[in-house]
Each structure stands twice: as C-alpha cells, then as structure tokens.
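Notes for the one structure printed next.
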Amino acid sequence: MVGGTKGIPEQAGPFSAGGFSVYTRQPSWQSTAVNAYLSRIGTLYAGRFNPGGARPTLVGGTSASAPIFAALIALLNAELRRAGKPVLGYLNPWLYAPANAGMWTDVMVGSNPGGFEAMSGWDAVSGLGTPIYSRMRVAARLR
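When we follow my numbering, the leftmost residue of the sequence shown carries the number 22, and every step to the right adds one.
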C-alpha cells in the first residue's frame, strides 16, 4: 500500500524495500491478496527477504508516503464526521477488501533490486498500489 513508485504511468520504484516479515504472522485480511501474489511468482524468490539497510533515507518510500496516506485518511474521517457517519476505525480490512480494489492505481511494472516484481493486484514491492482519493470517498460511503 505504501511503497515507492516513480514515473507516469507509475512503476514500482527500485528503492522500495518490499517483502515479508520474518517476525509477524500474515494477518487474515491479507491472505487472499498475498496468496494470489505468491501463486503467481511461484518459487522465483524462495528464501529471500529484505532485512533493511539500517541507514536513514532523507525522503522517499514509506517515509514520504505514509504521512501522505495518513493525511488522506484524516480527510476521509473529517468528511465522514461532517456527514454524521462513523469514522473508518481499524483500516486494514477496509483497505484489503476485494470490493474496494478499485480505489487503487494498480502498479504493475518495476521491481526492487534483487527482490520482487510489481504485477497485477497486490504485490510485495508496491502493495495495493497508490490511492485514488475520489474512489476512496465512494468506498467510505461519501458519494
């Protein structure tokens, strides 16, 4: 969901870490998206993971995209409150819901170095894609 992209049309950025945690279990709300991705890549990246570089990045990747995405959610919640509707609350099941797949620009081109390829649907380099605010509004019941 919050990875790095570049260019127009968007491509997965080579600076995106991507990958999977070796410390936490996959949440149930990710299983459909992640399992579909894993079945498409087969054993191409078996045994690989990105432990991180342990060095600061000035601007880019999740350091830039996470605060921007948080601002989009804050705007949605403010609109929901003004409309007298409940705020979004715990986001992850809503973000990964198949019914809400249209609220993302699917990034299908690019890769991170020695890691994962972007492809249709969720992938380990670009996640769900980049958000489309107008479609997020519809998914949040703000037509």
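Heads up, the beta-carbon is just placed ideally off N, CA and C, and yes, glycines get one too. Predicted model only: the values in this text are computed from it and were never measured.
Reference residue i; option with closest CA among the options
i, options, result
"valine 108", "Ala160, Val55, Ser147", "Ala160"
"serine 60", "Met140, Leu163, Ala92, Thr151", "Met140"
"alanine 120", "Ala54, Ser42, Ile94", "Ala54"
"glycine 135", "Lys27, Gln32, Glu31, Gly40", "Gly40"
"isoleucine 62", "Arg158, Pro152, Ser132, Thr151", "Ser132"
"glutamate 138", "Ser42, Gln51, Thr64, Gln47", "Thr64"
"tyrosine 111", "Pro152, Ala95, Ala57, Glu100", "Ala95"
"lysine 27", "Gly150, Gly105, Leu101", "Gly150"
"glycine 142", "Pro48, Ala104, Ser52, Ser155", "Ser52"
"glycine 82", "Ser155, Pro35, Asn56", "Pro35"
Where residue i falls, given that 16 or more other Cβ within 10 Å makes a residue buried
i, result
"asparagine 113", "exposed"
"alanine 145", "buried"
"glycine 123", "exposed"
"tyrosine 117", "buried"
"serine 147", "buried"
"proline 30", "exposed"
"threonine 45", "exposed"
"alanine 99", "exposed"
"alanine 104", "exposed"
"alanine 33", "buried"
"proline 152", "buried"
"threonine 78", "With a pLDDT of 47 at threonine 78, under the threshold of 50, the modelled position of that residue is not reliable, and the figure given next carries that caveat. Looking at its Cβ environment, which holds fewer than 16 other Cβ atoms inside 10 Å, threonine 78 is exposed."
For residue i, three-class secondary structure by DSSP
i, result
"glutamate 13", "The structure shown does not extend to residue 13, since the chain is modelled only from 22 to 164, so the question has no answer here."
"threonine 53", "helix"
"proline 35", "coil"
"threonine 126", "strand"
"threonine 83", "helix"
"serine 42", "coil"
"tyrosine 111", "coil"
"isoleucine 94", "helix"
Beta bridge counterpart(s) of residue i as assigned by DSSP
i, result
"aspartate 144", "Gly148"
"serine 132", "Glu138"
"glycine 26", "First, the amino acid is wrong: residue 26 is threonine here, not glycine. Its beta-bridge partners are Ala33."
Cβ of residue i within 9 Å of any chain B Cβ
i, result
"threonine 53", "Any reference to chain B falls outside this structure, which holds one protein chain only."
Kindly confirm or deny that the stretch 85-104 and the stretch 121-139 touch, where touching means at least three C-beta pairs closer than 8 Å. no
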